[in-house]
Amino acid sequence: MKHHAGRIEVICGSMFCGKTEELIRRVRRAIIARQKVKVFKPEIDDRYGIQRITSHTGQSVEAIPVKAAQEILALSNGETTVVAIDEAQFFDDGIVGVAQCLADDFNIRVIVAGLDTDFRGKPFGAMPRLLSIAEEVIKLQAICVVCGESASRTQRLVNGRPAAMNDPIILVGAQESYEARCRQHHEVLPASEKTPTLSASRPRPKSEMT
43 MKHHAGRIEV
53 ICGSMFCGKT
63 EELIRRVRRA
73 IIARQKVKVF
83 KPEIDDRYGI
93 QRITSHTGQS
103 VEAIPVKAAQ
113 EILALSNGET
123 TVVAIDEAQF
133 FDDGIVGVAQ
143 CLADDFNIRV
153 IVAGLDTDFR
163 GKPFGAMPRL
173 LSIAEEVIKL
183 QAICVVCGES
193 ASRTQRLVNG
203 RPAAMNDPII
213 LVGAQESYEA
223 RCRQHHEVLP
233 ASEKTPTLSA
243 SRPRPKSEMT
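Numbering follows our numbering, with no gaps: position 3 of the sequence shown is 45.
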């Protein structure tokens, strides 16, 4: 069953707000509707297995890992009616053109999920441009671990302390962790302050993910 027209839907928010869970919900509804669905993820995200996307609540679907956004076009054949893309903030800027091409040239429904801001509270990767071209934008809220109010920020902690403004956006093998925080309780150390030593105890990339 062909979707009537191409469109772009973006699901965004901080970590722990349910972005991947909402993406999976939409994918499953499309499958029930007998639409031809393909799910993609950046190869860097191997937390729950390289060929699956999994929410923090344990829901999961099979996914195709790709290194570059352009691969999504090559792997979306003529029968595909829905393309879902998780962790879009980790793709190169080409993800914007890919989403546009899928929707405009192939009449595909494109569902994108990703972090709209990084640990500093700044726009993350190509997400701002994806938000600007989408027909539908869903911004989800998590729960602040400090006060219990709605959380829109991702708090990075390194050895229990807030990360610094000039720390890398993506850390490789570092002992960092993340929490959901509201605007008032989100903390980032000034660039002049040194973040506690980042130990490379894990061989794989670890960074802000849904």
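Ideal placement from N, C-alpha and C gives every residue a C-beta, glycine not left out.
Let me know the secondary structure DSSP gives residue i once reduced to three states.
i    : result
S234 : coil
R76  : coil
A193 : strand
T28  : Here the chain has residues from 43 to 252 only, and residue 28 is not among them.
T122 : coil
E104 : strand
C186 : coil
I175 : helix
V162 : What sits at residue 162 in the sequence shown is Arg, not Val. Coil at R162, not helix or strand.
F132 : helix
F38  : Outside the displayed span of the chain (43 to 252) sits residue 38, for which this structure offers no information.
E113 : helix
G60  : coil
G167 : coil
Suppose the cutoff is 8 angstroms on Cβ atoms and the five residues either side in sequence are ignored; what does the same chain contact list for residue i look like?
i    : result
C224 : C186, V188, C189, E191, S192, A193, S194 and R195
I73  : V79
I106 : K80, V81, F82, K83, Q93 and L117
C143 : L115
A222 : S56, M57, F58, C59, A184, I185, C186, V187, A193, R195, T196 and Q197
P165 : D158 and T159
Rounding to the nearest angstrom, what Cα-Cα distance links residue i and residue j in this structure?
i    : j    : result
V200 : D147 : 44 angstroms
R162 : H228 : 9 angstroms
A205 : R76  : 45 angstroms
S97  : E218 : 20 angstroms
A176 : V138 : 10 angstroms
P232 : N208 : 8 angstroms
G167 : T159 : 8 angstroms
M57  : G120 : 34 angstroms
A145 : T123 : 10 angstroms
G202 : E63  : 28 angstroms
L182 : A47  : 25 angstroms
D134 : M169 : 10 angstroms
T61  : S174 : Position check: residue 61 holds Lys in this sequence, whereas Thr was assumed. Rounded to the nearest angstrom, the two C-alpha atoms are 18 angstroms apart.
F132 : R71  : 26 angstroms
V69  : G156 : 15 angstroms
Y220 : Q226 : 16 angstroms
E113 : V230 : 35 angstroms
Once you ignore the five residues that flank residue i on each side, which residues in its own chain have a CB closer than 6 angstroms to its CB?
i    : result
A141 : I50 and V152
V154 : V52, I127, A130 and L172
V125 : K80, S118, L144, I150 and V152
I211 : D160
E178 : E51
Could you pull out every residue in the same chain whose Cβ sits closer than 7 angstroms to the Cβ of residue i, ignoring the five residues on either side in sequence?
i    : result
S234 : none
K109 : E85
T99  : E63
E104 : V81, Q93 and R94
With a Cβ-Cβ cutoff of 7 angstroms, do residue i and residue j count as a contact?
i    : j    : result
I180 : I95  : no
A111 : G136 : yes
D87  : E129 : yes
Q101 : I66  : yes
Enumerate, from N- to C-terminal direction, the unbroken beta strand (DSSP E) stretches of 3 or more residues contained entirely within the region 205–229.
-> 218–223
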